[in-house]
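Beneath this line is the structure, given in structure tokens, with notes to follow.
Protein chains in written order, with the numbering used here: chain L, 2 to 434; chain G, 5 to 400.
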């Protein structure tokens, strides 16, 4: 039906700029800062200033929902507890660890001789002890998904990366294709699922070429191309494409679990070598960076070092006239001070000069925002309800379904911050209800 | 440490690009008007000049008249800004303000739907009603409830028709000489005779091909069906208008007219085709019913809006006393844009569920009742029913 079909939108990817240079490793920063915040929960610190730290040692605990330990990413000494900029846009407390460059490993890190005997419960416990959380951007604790009571038919690996500019998942996958299949294999065992699907975007033919020959070793895994549209990496879209089912809350309702490809690769290391989540790949890109690249770094590395490694900002970049974006350009956040640290949910930092200012007319009511909305909302109506503080209307208009994909603001010809209005309406709903 | 600019996601916007944004939409809209304006000029100027019925200056007049409409509405709007806003008293500020207010469009559209011999002061009156009363007093571009051009047109139609017909009316110098027209437009004939008869409605004007090519009497630009269809294809292709709004509107009129024809014993397809091609239906469907500011925003709302327009147009045409139902029905439906938008947005967001069922049934019920009423009200069936149900004469 023409009226309730999410078409998505093709957006120019601009991914080429950060793909040209191979994946760089930057494993020994001078200092790392382990932020005491994950999603919205504050972490409990378990080390003191002056403590000696080894790689993989537990330095903080997440409590309550999604309780799990957080590990040190380098070896050295705790030198301070400092406030640093976090990709959530706030300053948070962080444990500063000075690197001793000796890369001493904690005793828990050791290769497993035999990985075939693990049961489902043991694998889930391993996820929890490794502090594994989604690296795609939401940072949801992975083991919570696998503790589901519904039966899981399929584990889906999301390697779609539909945000423009970002190439961190692609570059990692490109480097270690087999690791992804291993991770997916363990995920399938952890969910008792018979089927595993790797979803990637149709223009990444390269992924198919490198994964296809490896598939025969792993039973039940298939590849699936997804159309090059935004938001094709949205969980509901992928589950719908793969299983044909829709759901309201979690993918488990449709018998599926979705994990990011980088998460799967970390899980492969977790199972085989007992290395917890201590590093990730981050894309440093944008028109404001001299040499855009991807870096494989310990969590907590200051982004500033990475930007310097990338040749710094381009000449003539006016800072006040440029954005420093944490995350993708569609859903990311503008950070005011370039003093960010790498955390588990930070997939990219984009430095981008602001476009020239134009004079924009008022909303002309073209309805393009309602047209593109993947969840069939009418943002103009939500804005109207928000401006009259009509909580009932906001509720009836289903504003809580909005996932802030940003398409409505993207397409608006009058440059209205319509996504932001819907977000404010959601806040109002939360407070009012 | 360097300080960076603040901003809100998404950081990519279509409107930031050079050739995108509302300005481009409006430019494409004007390009869409071009074939229709050229046709109006050809039909009322060039062709009549070649027939030898008017002078060279009079040949240019239709074009001048249309451009004058745009100029007058721009002047009115500029004047309004100048008087009400202290900040826009320099020429530069005024220009920038008018540029994002698209003042020229209501005037152009108004001039295009008026008869050729409308006195200039009547055009000014219409432009005043449209631009000042219909648009600026509501808060300017983006806030108006009624389509400014149509409001001007309806104001002129209700108050100045006598003046216009005294000044020469709808017929250009060539058409006045054709006896078979008898001084009436096709829809005028239908309103007067209420007879569905090919020999009365179509034959005097040639064949239905003349209706398509637009060589029939009517307001300045509304008769050029082919030119309007070309404009429709362009506008839909450029995504300036939603392609289905005009289509649903016209299809509703087509089907209802056909049913009306059948119910009065004339099953030929010529009658619905005639209904679609005569009067301002195509012009209204393509340029007025799709005007973004005054029509619903969400696609479902647009569908409902277009369906109601179709039914109302048929009602006004065959039952009301006015020959032309398009302008009035669009103005009436403009009033309901906000409620339609709100209700359909809820239905669209939730799907048809228990909570939205009442709205859905209400909309469709009202539509069906109106449509059935329109069909029944056509003379033969209606008068045949009266002896059996005398009460319907009192009620309806």
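Built from N, CA and C at the ideal position, the CB exists for glycine as well.
{"Check": "Run through DSSP, which three-state label would residue 416/L get?", "Outcome": "coil"}
{"Check": "Less than 6 Å between C-beta atoms, sequence neighbours within five positions excluded: which residues of the same chain meet that for residue 13/G?", "Outcome": "none"}
{"Check": "Cβ closer than 8 Å: which chain L residues qualify as neighbours of residue 55/G?", "Outcome": "What residue 55/G touches in chain L: nothing, since even the nearest Cβ is about 42 Å away."}
{"Check": "Using a beta-carbon distance below 8 Å, is residue 146/G in contact with chain L?", "Outcome": "yes"}
{"Check": "Per DSSP, what are the beta-bridge partners of residue 62/L in this structure?", "Outcome": "45/L and 70/L"}
{"Check": "As a quick exercise: from 256/G, 344/G and 271/G, pick the residue whose alpha carbon is nearest that of residue 298/G.", "Outcome": "344/G"}
{"Check": "Given a threshold of 16 other Cβ atoms within 10 Å of its Cβ, counted over all protein chains shown, does residue 203/G qualify as buried or as exposed?", "Outcome": "exposed"}
{"Check": "Determine the chain G residues that contact residue 378/L at a beta-carbon separation under 7 Å, and present them in chain order.", "Outcome": "353"}
{"Check": "List the endpoints of the continuous beta strand (DSSP E) containing residue 160/L.", "Outcome": "155–160"}
{"Check": "Residues of the stretch 332–348 of chain G in Cβ contact with chain L at a cutoff of 7 Å, in chain order, please.", "Outcome": "345 and 346"}
{"Check": "Quick test of your reading: residue 54/L and residue 301/L, contact by CB under 8 Å. State the CB separation rounded to the nearest angstrom.", "Outcome": "Not a contact, Cβ separation roughly 11 Å."}
{"Check": "Return no unless some Cβ of chain L is closer than 8 Å to the Cβ of residue 20/G.", "Outcome": "yes"}
{"Check": "When you compare the CB positions of residue 212/G and residue 253/G, do they come within less than 8 Å of one another, or not?", "Outcome": "no"}
{"Check": "Got a sec? Which residues, its chain only, sit under 8 Å from residue 429/L by beta carbon, not counting five neighbours each side?", "Outcome": "387, 390, 392 and 395"}
{"Check": "Give the interface partners of residue 296/G over in chain L, defined as CB-CB distance under 8 Å, in chain order.", "Outcome": "365, 366, 367 and 368"}
{"Check": "Which first and last residues belong to the alpha helix (DSSP H) in which residue 36/G is found?", "Outcome": "26–45"}
{"Check": "Can you list, in chain order, the stretches of the beta strand (DSSP E) that have 3 or more residues and sit fully within the stretch 198–258 of chain G?", "Outcome": "none"}
{"Check": "Give me the Cα-Cα distance between residue 139/G and residue 79/G, rounded to the nearest whole angstrom.", "Outcome": "14 Å"}
{"Check": "Would residue 172/L pass as an interface residue toward chain B - the criterion being a Cβ-Cβ separation below 8 Å?", "Outcome": "Checking the listed chains, one finds no chain B in this structure; the protein chains it contains are L and G."}
{"Check": "Count the other CB atoms within 10 Å of the CB of residue 229/G; is the residue buried (16 or more) or exposed (fewer)?", "Outcome": "buried"}
{"Check": "I need the DSSP call for residue 335/L, collapsed to helix, strand or coil.", "Outcome": "strand"}
{"Check": "Would you say the beta carbon of residue 252/G comes nearer than 7 Å to a heavy atom of the ligand ADP?", "Outcome": "Ligands in the displayed structure: none, and consequently the ligand ADP is not present."}
{"Check": "Near residue 71/L, what residues of its chain come up, given a Cβ to Cβ distance below 8 Å and the 5 sequence neighbours on each side ignored?", "Outcome": "35, 39, 44, 59, 60, 61, 62, 63 and 132"}
{"Check": "Comparing the C-beta of residue 4/L with each C-beta of chain G, is any distance below 8 Å?", "Outcome": "Any reading at residue 4/L is ruled out, since the residue's pLDDT is 46, under 50, leaving its predicted position unreliable."}
{"Check": "Quick check on the burial criterion: 16 or more other C-beta atoms within 10 angstroms. Buried or exposed for residue 291/G?", "Outcome": "buried"}
{"Check": "Please name the residue or residues paired with residue 25/L in a DSSP beta bridge.", "Outcome": "296/L"}
{"Check": "So, does the CB of residue 415/L fall closer than 8 Å to a CB anywhere in chain G?", "Outcome": "yes"}
{"Check": "Are the stretch 198–216 of chain L and the stretch 316–335 of chain L touching by the rule of at least three beta carbon pairs closer than 8 Å?", "Outcome": "no"}
{"Check": "Going by CA-CA distance only, name the one from 293/G, 349/G, 323/G and 309/G that's closest to residue 4/G.", "Outcome": "Summary: the structure shown does not reach residue 4/G, with chain G confined to residues 5 through 400, and so no result is reported for it."}
{"Check": "Which residues does DSSP pair with residue 224/L in a beta bridge?", "Outcome": "199/L"}
{"Check": "Straight-line CA distance for residue 256/L to residue 152/L?", "Outcome": "6 Å"}
{"Check": "Within its chain, find whatever has a CB closer than 6 Å to the CB of residue 52/G; leave out the 5 residues flanking it on each side and keep chain order.", "Outcome": "58, 176, 177 and 178"}
{"Check": "Put residue 109/L into one of helix, strand or coil per three-state DSSP.", "Outcome": "coil"}
{"Check": "Apart from the five residues on each side of it in sequence, which residues of its chain come closer than 8 Å, Cβ to Cβ, to residue 225/L?", "Outcome": "198, 199, 200, 201, 242 and 243"}
{"Check": "Note down, in chain order, each residue of its chain lying with its Cβ closer than 8 Å to the Cβ of residue 84/G, except the 5 sequence neighbours on either side.", "Outcome": "135, 136 and 140"}
{"Check": "Taking residue 17/G as the query, report the chain L residues whose CB atoms sit under 8 Å from its CB, ordered along the chain.", "Outcome": "356, 410, 411, 413 and 416"}
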